[in-house]
């Protein structure tokens, strides 16, 4: 089956989402309405074959790629029933067809295929017949927005011209959809039952780089199961400005979330980076903070903050600068390690601290960058990359593991072009395989599927980024000291954090990140929002937000609580103004 880019699924039921989640992501973009129509038609060849073997619910069938069969299509199973006799001569003129059930094709070879029983009316057996009906396929096209109606009309016309389809009249479709607010597969099934449909195709059009991205999601009407998603990038020579805001008909209903905030706990340390975990295995959180040159570990006691440990160091601000701070149990001993990446005297190195034998100890050092990223269904993954004074990042990113008491690079990690080691996360958005959500250089969110960008936000989400100055090398070394200090080419920005977590236990991650504001040329960010975004199938939309009016989110963590719910812990900087120093505090929000 052609593996079209699986984008923008409807917010269907959990059953539909589970089935769709088994479909791998792939990239195959089409450029015309004819190609969309041809692809839809290719799912319904007029084929018939026999069941070759049966093993439980798995069947081998004598139909394959040579017959035009593709993964994901549904075959109807039947067998010869009673003889049909002529009412006068009593001669045998045929046999009745006894329906056995339906089979979803899961693997296609040249001449055979493998399938799994979906609907079983009788036990299948060798010699049963399998086919896609030779009758015309009844299909309805659902426009998810009103932009470019000529695309939907053109698709309906092409499908009708094939002679394989009966397309439901658009007036009947519009009348059926009017005032219906379902947001799941029940709408597809209800529509199929009302009009005796075989297939429903949901179509959405929205602008993309002076063209129009058209997604056509094809569903079986009887059970609302997603067959495939087809993506076309059409150039209709139409200005993007002529398009208004696009919102899908199937956009999920707004969720109501509440956040209970604790009182601000002012920190005695001016911090830049922050992480939190139970580092000592006591059931209590330890708060790891970086002042830019040293790591400090605090515990919150009834009497206030207690510094449990701090690095000893004699580095100056010009010699040492922390770049990134993460905590995770990578070596598998049941206690999270602290991963610190820093610029040290013109070189980037990473080192690891762990609570061991009752004390915090540096257990490893790695040349270059490290960070921890969470991967759906896999857990935390340590990734790293080399350093070069001129290019900054050197070589491909690598996955790191713990072996022989050290962290060693393993498989190469392929990232989208232009994406750096920081400022992105993997997320399960209900599209089958994990997708990448990243912040670009303009603080806009970008979603990648199979390392291809498929969506970019209009909103910006400014973070308090870390800025690192590269050492002066090569031709730049000829610059005067003050010129080098002001040369923006030597500055590298490390993007802020993004977290992906299934906060409402619906099987799909929400994207959590800060949105700072109030920055001027002379003052830093004055306030912030922590926002939760959910994937509607075509875009990320805001589901909730937490306002912090007195300061900016410097760094934050999202922690899963036992049972349901989560905790957002934010390091907030409160600007002091002209005559007062900035204050730092820890804010904790219980998400319910």
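Numbering (this note's numbering), first residue to last: 1 to 592.
Every residue gets a Cβ at the ideal spot worked out from N, C-alpha and C, and that includes glycine.
Exposed unless 16 or more other CB atoms sit within 10 angstroms - verdict on residue i
i: residue 587; result: buried
i: residue 157; result: exposed
i: residue 579; result: exposed
i: residue 143; result: buried
i: residue 173; result: buried
i: residue 318; result: exposed
i: residue 169; result: exposed
i: residue 345; result: exposed
i: residue 505; result: exposed
i: residue 301; result: exposed
i: residue 312; result: exposed
i: residue 356; result: exposed
i: residue 189; result: buried
i: residue 123; result: exposed
i: residue 516; result: buried
i: residue 248; result: Note on residue 248: pLDDT 30, under 50, position unreliable in the model; no value is reported.
i: residue 574; result: buried
i: residue 548; result: buried
i: residue 591; result: buried
i: residue 218; result: buried
i: residue 340; result: buried
i: residue 145; result: buried
i: residue 373; result: buried
i: residue 462; result: buried
i: residue 359; result: exposed
i: residue 343; result: buried
i: residue 148; result: buried
i: residue 152; result: buried
i: residue 367; result: exposed
i: residue 284; result: exposed
i: residue 204; result: buried
i: residue 324; result: buried
Bridge-paired residues (DSSP) for residue i
i: residue 284; result: Bridge partners of residue 284: none, in fact.
i: residue 492; result: 468
i: residue 53; result: 60
i: residue 313; result: According to DSSP, residue 313 bridges with nothing at all.
i: residue 296; result: 289 and 310
i: residue 132; result: DSSP lists no partner for residue 132.
i: residue 378; result: DSSP, once it has assigned bridges, lists no residue as partnering residue 378.
i: residue 108; result: 113
i: residue 434; result: DSSP, once it has assigned bridges, lists no residue as partnering residue 434.
i: residue 514; result: 530
i: residue 274; result: 289
i: residue 119; result: 102
i: residue 142; result: 202
i: residue 328; result: 337
Sequence-distant residues of the same chain with beta carbon closer than 8 Å to residue i, five excluded per side
i: residue 413; result: 383, 396, 397, 398 and 399
i: residue 518; result: 525, 526, 527 and 552
i: residue 102; result: 74, 75, 76, 77, 117, 118 and 119
i: residue 365; result: 349, 350, 351 and 352
i: residue 572; result: 264, 528, 548, 550, 551, 552, 553, 554, 584, 585, 586 and 587
Cutoff 6 Å; reference residue i; Cβ partners in own chain excluding five residues on either side
i: residue 419; result: 438
i: residue 99; result: 78 and 121
i: residue 166; result: 136 and 138
i: residue 272; result: 290 and 292
i: residue 298; result: 287, 305 and 307
i: residue 134; result: 46
i: residue 448; result: 416 and 436
i: residue 424; result: 436 and 438
Residues near residue i in its chain [Cβ-Cβ closer than 7 Å; skip 5 each side]
i: residue 296; result: 269, 289, 307 and 310
i: residue 434; result: 375, 376, 426, 427 and 428
i: residue 44; result: 132, 137 and 164
i: residue 331; result: 337 and 402
i: residue 558; result: 499, 501, 512, 566 and 568
i: residue 642; result: Because the chain here runs from 1 to 592, residue 642 falls outside it and cannot be looked at.
Closer than 7 Å: residue i CB and nearest the ligand FAD heavy atom
i: residue 318; result: This structure lacks the ligand FAD; in fact it carries no ligand of any kind.
The stretch 390-410 contacting the stretch 443-462, beta-carbon criterion three pairs below 8 Å: Segments in contact, no.
Length-filtered (3 minimum) beta strand (DSSP E) runs lying within the stretch 541-584: Correct list: 552-560 and 566-574.
contact_flag[the stretch 189-208, the stretch 72-82] where n(CB pairs < 8 Å) is 3 or more: Output reads no: the stretch 72-82 does not touch the stretch 189-208.
3 or more residues per run - each beta strand (DSSP E) lying fully within the stretch 165-210: Complete beta strand (DSSP E) runs here, min 3: 165-167 and 199-208.
Contact the stretch 57-71 vs the stretch 103-115: 3+ CB pairs below 8 Å: Because the criterion of three Cβ pairs below 8 Å is met, the stretch 57-71 and the stretch 103-115 touch.
Inter-stretch contact (C-beta, 8 Å, three-pair minimum) for the stretch 498-512 and the stretch 528-548: The stretch 498-512, when compared against the stretch 528-548, does touch it at the 8 Å Cβ threshold.
Unbroken stretches of the beta strand (DSSP E), 3 residues or longer, contained in the stretch 338-411: Segments of the beta strand (DSSP E) lying fully in the stretch 338-411: 347-356, 359-367, 369-375, 379-388 and 392-403.
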